[in-house]
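>
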Amino acid sequence: MLKRNLTVLFFLSFAVAPLASGFVYAGLYSFGVIGALSTGFTFNHWAALFEDQGFWSALALSMGVALFTLLLSLGLSLTLLLSLQRELEQRVNYFLLHLPLALSSLVAAFLSFQWLGNTGMLARWAIHLGLFEKSQDFPELINDAHYFGVIFTLTLLTFPIFTLLLLRFYQAENLSSLSQVAATLGASSKDIIFRVQLPALLRRITPTALLYFVFLFGAYEVPLLLGRQSPMMWSVYVSQKFKKFNLSDLPIAYSSTVLYTLFILLLVGWFWNKAAVSKAEQ
Amino acid sequence: MKKVILAVLFALFILPFGYLVLLSVASSWRFPEVFPSQNLSLIHWASLSRTGVDWLSSLATSALVAGVVGCLSTTAGFLSSHVLSIHSSRKLWITLAYFPYAFSPVIYAYCLSFMFNVLDLTGTLGGVLIAQFILTYPFAVLFFFNHFDQQLREMEALARTLGSSTTVVFWKILLPISKHTLLICFFQVFLISWFDYGLTSVIGLGQVKTLSIMVYQYIGEANIHVAAIAACLLSFPPLVLLWFNHQFVFKKV
Amino acid sequence: MTLGLLMMVLNGCNHPSKTGIETDLLDLPFETITSKAQNTTVHMMMWQGDPLINQYMSDWVVPEVKSRFNIDLQIAPGQGTEIVKVLLSEIEAGKKNSNLDLCWINGETFFQLRQIQALFGPFTARLPNAQYIDFQNPFIGIDFQQPVDGYECPWGNVQLALICDSLRTPNPPLTMDELEKWWRKNPGKFTIPYEFTGMTLLKSWMIALAGGGNALDGPFDQKKYAMLSAKLWEFINRNKRYFWRKGETFPESVAAMHTMFVNQELDLTMSNNDSEVDNKIQQNIFPTTAKSFVLKSGTIQNSHFLGIPAQAANKAGAMTVINFLISPEAQLRKLNPKVWGDGSVLAMDKLPAEFQAQFLEVSKRKNSTMRATIQPFALKEPAPEYMVRLYEDFRKKVIEQ
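Chains as they are written, first to last, in our numbering: chain A, 9 to 290; chain B, 71 to 323; chain C, 10 to 410.
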């Protein structure tokens with residue numbers, strides 16, 4: 009009993025209290041209750057946040073980038089798995105699939121910067137091969153309006169993980185045998201993919217995919233190096249508010265932190281329900 | 071066709087490592103050169119030896135932080151999960167553990183920075199250790215939640231019925247069975263910590279110089295060759311760990 | 010726990026006040042301060058965006074203060090508001106001992122730190138080497154129109170310069186009109202870094218738009234700002250389609266701009282250090298044909314300073330290090346373009362004779378325009394609020410448009 013209570017206490021102290029106290033602090037700061045420069049309770053900082061066009065575009069952009077990256081990664085890894093499942097299970101290939109795990113977001117962003125920029129490696133090869141004349145002719149792939157560089161890099165970091173997970177689910181669900189049975193019973197290969205393999209794999213990966221949506225939503229290092237000043241992704245937006253020049257922006261930084269927290273609470277709460285439902289369905 | 075796709079895919083995966091090494095030994099590699107024009111040399115690596123102490127200590131700091139955080143979070147997560155996974159409020163604990171796990175580390179760091187200032191922990195190695203523990207411990211708890219399944223519980227119960235003490239059950243049954251899972255968890259926490267930039271930069275104030283902090287600094291200087299060296303130092307140890315894991319842990323896919 | 014923290018929050022919001030110990034420190038003879046600093050660590054925060062600057066610090070200053078004073082100088086990256094944010098958070102948390110003992114600041118950072126009473130002082134008069142500093146020079150003794158009052162010590166003095174490759178751009182544009190024509194002829198080859206160098210260029214333009222010279226002297230004037238900044242944004246926005254990436258995004262650092270200049274993605278770059286060209290040629294980064302120039306309407310010249318946080322744990326150490334950094338020896342070394350090329354804040358006529366000749370010799374330049382040549386085009390920094398507002402409005406009125 010004591011062990012149980014101690015464990016719960018430990019869990020609450022290290023997993024819950026830090027975030028909770030940070031949330032309360034940010035909340036008080038955002039309403040001007042605390043802070044060295046505060047002049048008393050006010051809604052002004054919240055109003056300023058909602059009036060800031062940069063905030064709304066950060067929100068929309070983060071959603072868009074996270075969604076795009078997620079769908080792209082899922083599509084890529086499912087295609088890979090369903091067409092190359094046997095090859096990927098081979099020992100060497102299986103190891104190679106792990107390689108991107110050794111790259112941190114920061115290093116991956118640096119590499120994209122070096123490769124995709126207007127004077128990067130790709131542009132150099134393209135010019136070398138006579139496809140373009142000058143560096144300006146090369147399309148903008150980083151710091152670009154569509155966040156291509158960011159989505160590309162995040163996808164490259166995400167899809168190998170999805171592929172590995174799917175490979176594991178494929179085995180756990182015994183999909184090889186199931187597909188064989190289906191084939192014996194006369195199912196076409198299209199049927200096998202869309203009626204047997206895909207539903208099983210998607211059901212298993214949904215919780216992880218949703219969680220990744222939240223991770224991607226909060227991505228920081230990659231958009232910091234490969235994104236733009238406008239629009240910015242949310243993590244970058246918040247950290248800019250904390251770092252940039254106007255001291256009176258600080259409470260706004262805290263209000264955007266509070267909002268981010270609420271947003272994550274909502275997403276995780278929703279995700280947890282969803283996961284519980286999908287588990288119940290299984 | 072399959073072979074071509076695989077070849078392209080793995081070339082894409084291997085290329086970054088090769089490129090980082092090449093960039094770190096290129097004395098100059100300007101646009102529009104597709105390969106470094108001058109001879110390759112260890113000039114940039116050699117320049118490290120002048121400030122060599124910094125580099126070694128950076129490498130050591132990263133290894134120390136990731137190692138300690140890996141051990142602490144894995145152990146604490148394992149023990150906590152063992153208790154919490156059969157707790158009556160099991161569902162609540164899982165949900166609570168997801169919040170910090172899903173949070174953007176850099177925003178989390180801004181939330182934590184006040185408390186860390188009050189406790190005099192900012193800018194210290196201890197502060198970074200604790201902050202990263204706070205970030206990774208919920209992850210470890212979640213990681214083990216599914217590990218303690220019905221089968222394992224029944225095995226424990228059986229051993230107890232047969233007269234084994236709690237200690238014996240823990241050391242002789244639970245630990246040996248969980249060895250692989252523990253190693254994988256340690257590996258993942260180690261990676262999260264080893265790669266972390268956002269949290270370490272805010273809580274460590276740049277005074278705790280892990281390799282990630284160095285990489286960012288050199289990118290900021292547009293000092294790409296030295297940044298490539300830092301990136302090599304940051305990327306190759308996990309590569310070795312991966313290989314080690316592949317050899318000894320992931321044997322059965 | 011949360012409640013406990015709340016209590017701490019509420020208790021922690023008091024501003025730090027000068028304690029008895031600090032006042033004592035300022036009364037001590039400097040030898041005593043230096044001996045107190047023995048065997049201590051000094052935590053410094055500074056902008057670390059340039060490899061040569063970092064090397065000057067890590068390869069020369071750090072070992073020198075170690076061997077001379079037995080001080081461990083630890084340097085962490087951070088500038089401007091990052092420093093303000095760190096110190097403000099500490100004040101809010103009621104932290105007794107700051108994580109920082111020494112920071113590289115100027116202008117708006119100094120202004121903000123004074124606003125939150127986060128600086129220790131007045132201490133400069135206590136530094137023996139301060140006797141050589143050219144405090145009479147308005148570009149050194151005054152920081153963004155603010156008297157420094159001994160709360161920060163001048164460290165270096167620089168003037169904004171534009172940089173071109175004389176092979177690619179033999180006749181660089183020297184006025185705002187010429188710039189406009191040049192942009193149209195060379196689309197995509199120019200940009201403004203969204204950091205202090207870029208903002209310094211904007212201030213230089215704003216002064217030009219105001220009629221030049223001392224037009225922006227004096228305290229911040231909201232009306233003037235509104236009128237001039239409107240002109241400035243109009244000037245930039247009507248031309249930004251000829252900027253790099255059509256002016257939709259801007260590089261975050263001068264270092265990134267230099268890389269693009271070298272790779273010929275840009276034809277112009279700039280630096281807040283007027284001898285940067287020599288220093289970058291020396292490092293084999295810029296081509297030997299690179300040269301610097303200033304606008305006829307002038308560019309901002311300013312000084313950068315060293316400050317000590319009010320709650321610094323090791324003020325004696327910080328003062329010892331600062332005194333060393335403003336010594337003729339350290340300033341001479343820093344002045345050398347091979348080392349850093351940072352202008353000295355010392356007055357030549359106050360220097361010991363043996364140093365005067367060396368300073369003259371080292372300040373010779375190859376590809377950077379001589380300081381004496383650009384001095385007539387030096388503009389004074391306007392009040393810090395201009396900088397704060399420009400940062401904010403550049404995002405709102407240019408980037409987000």
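All C-beta atoms, glycine included, are put in the ideal place defined by N, C-alpha and C.
Does the Cβ of C:Asn311 have 16 or more other Cβ atoms within 10 Å, making it buried, or fewer, making it exposed?
Label assigned to C:Asn311: buried.
> Output yes or no for whether 7 Å exceeds the beta carbon distance between C:Met208 and C:Leu399.
In contact: C:Met208 and C:Leu399 (Cβ atoms closer than 7 Å).
> Under a three-way DSSP split, which group does B:Ser107 fall into?
In the structure shown, B:Ser107 sits in coil (DSSP, three-state: anything other than H, G, I, E or B).
> From the DSSP output, which residues share a beta bridge with C:Asn166?
In the DSSP output, where bridge partners are listed per residue, C:Asn166 has C:Ser312, C:Gly352.
> Compute the Euclidean distance between the alpha carbons of A:Ala116 and A:Leu219, then round it to the nearest angstrom.
Near 21 Å, if we compare the C-alpha coordinates of A:Leu219 and A:Ala116.
> Using a threshold of 7 Å, state whether the C-beta atoms of B:Ser271 and B:Val135 are closer than that.
For B:Ser271 and B:Val135, no; Cβs fall outside 7 Å.
> Considering only the alpha carbon of each residue, which of A:Tyr245, A:Glu141, A:Ala25, A:Arg12 lies closest to A:Ile260?
Closest by alpha carbon: A:Tyr245.
> By Cβ distance below 6 Å, which residues in the same chain neighbour C:Gly130 in space, the five residues on each side in sequence not counted?
Counting only Cβ-Cβ distances below 6 Å, and skipping sequence neighbours, we find Gly159, Tyr160.
> Listing by chain order, which chain B residues have their CB less than 7 Å from the CB of A:His154?
Chain B residues near A:His154: none, gap ~21 Å exceeds 7 Å.
> Taking a Cβ distance cut-off of 8 Å, strictly less, list which residues of the segment 262-276 of chain B are near chain C, in chain order.
Answer set for the segment 262-276 of chain B: Leu275, Gly276.
> Alpha carbon to alpha carbon, how far is B:Leu126 from A:Ser196? Give it in angstroms, no decimals.
So the two alpha carbons sit approximately 60 Å from each other.
> Please state the DSSP three-state secondary structure of C:His52.
Note: C:His52 maps to strand in three-state DSSP.
> For the beta strand (DSSP E) that contains B:Ile84, what are its first and last residues?
From DSSP, B:Ile84 is part of no beta strand (DSSP E) but of the alpha helix (DSSP H) over 72-95.
> For C:Lys212 and A:Phe167, I'd like the C-alpha separation in whole angstroms.
Looking at the two C-alpha atoms, the distance is approximately 47 Å.
> Within the continuous beta strand (DSSP E) that includes C:Ile142, where are the two ends?
Per DSSP, C:Ile142 belongs to no beta strand (DSSP E) and is neither H nor E.
> Going by DSSP in three states, C:Lys104 sits in which element: helix, strand or coil?
C:Lys104 falls in the coil class under three-state DSSP.
> Mapping DSSP to helix, strand and coil, what is B:Ile200?
Reduced to three states, the DSSP call for B:Ile200 is helix.
> Check each residue of the segment 275-307 of chain C: if its Cβ is closer than 8 Å to any Cβ of chain B, include it; give the result in chain order.
Taking 8 Å as the Cβ-Cβ cut-off against chain B, the residues of the segment 275-307 of chain C that qualify are Asn293.
> Report all residues from its chain with a CB closer than 6 Å to the CB of A:Val222; omit the five preceding and five following residues, and keep chain order.
Leu275, listed in sequence order.
> Using the C-alpha atoms, what's the distance from A:Ala44 back to A:Leu79?
Cα-Cα distance, rounded: 45 Å.
> How would you call A:Trp64, buried or exposed, if buried means at least 16 neighbouring beta carbons within 10 angstroms?
That one is exposed.
> Between C:Gly58 and chain A, is there a C-beta pair that is closer than 7 Å?
By this cut-off, C:Gly58 is not an interface position.
> Quick check: A:Ser293 and A:Gly157, are their CB atoms within less than 7 Å of each other?
Any answer about residue 293 of chain A is impossible in this case: the structure gives chain A only from 9 up to 290.
> Would DSSP call C:Leu399 helix, strand or coil?
Three-state result, C:Leu399: helix.
> Who pairs with C:Met279 in a beta bridge, going by DSSP?
In DSSP, C:Met279 forms a bridge with C:Leu171.
> Let me know the secondary structure DSSP gives C:Phe229 once reduced to three states.
Coil, per DSSP.
> Using a Cβ cut-off of 7 Å (strictly closer), state whether C:Glu363 contacts chain B.
False, the Cβ-Cβ gap to chain B never drops below 7 Å.
> Where do the ends of the alpha helix (DSSP H) carrying B:Ile273 lie?
It spans 268-274 - the alpha helix (DSSP H) in which B:Ile273 sits, taken as one unbroken run.
> Using a Cβ-Cβ cut-off of 7 Å, state whether B:Val104 counts as contacting chain E.
In the structure shown, chain E cannot be found, because the protein chains are A, B and C.
> Find the nearest neighbour of B:Ser117 within the set B:Ala130, B:His152, B:Thr131, B:Val95, judged by alpha-carbon distance.
Of the listed residues, the one whose Cα sits closest to B:Ser117 is B:Val95.
> Closest to B:Leu269 by C-alpha separation, out of B:Ala297, B:Phe173, B:Ile254, would be which residue?
Nearest option by C-alpha distance: B:Phe173.
> Whole angstroms is fine: what's the gap from B:Phe215's alpha carbon to C:Thr200's?
The straight-line gap from Cα to Cα measures roughly 53 Å.
> Three Cβ pairs or more, each shorter than 8 Å: is that satisfied between the segment 252-267 of chain C and the segment 286-293 of chain B?
Touching, per the Cβ criterion.
> Counting only Cβ pairs nearer than 9 Å, list the residues of chain B close to A:Ser29.
Result: Cys181, Leu182, Phe184, Met185.
> Is A:Thr127 close to chain C? Criterion is C-beta to C-beta, closer than 7 Å.
Yes, because at least one Cβ of chain C sits closer than 7 Å to the Cβ of A:Thr127.
> Counting contacts by CB-CB distance shorter than 7 Å, is C:Trp242 in contact with chain A?
Chain A, which has no Cβ nearer than 7 Å to the Cβ of C:Trp242, makes this no.
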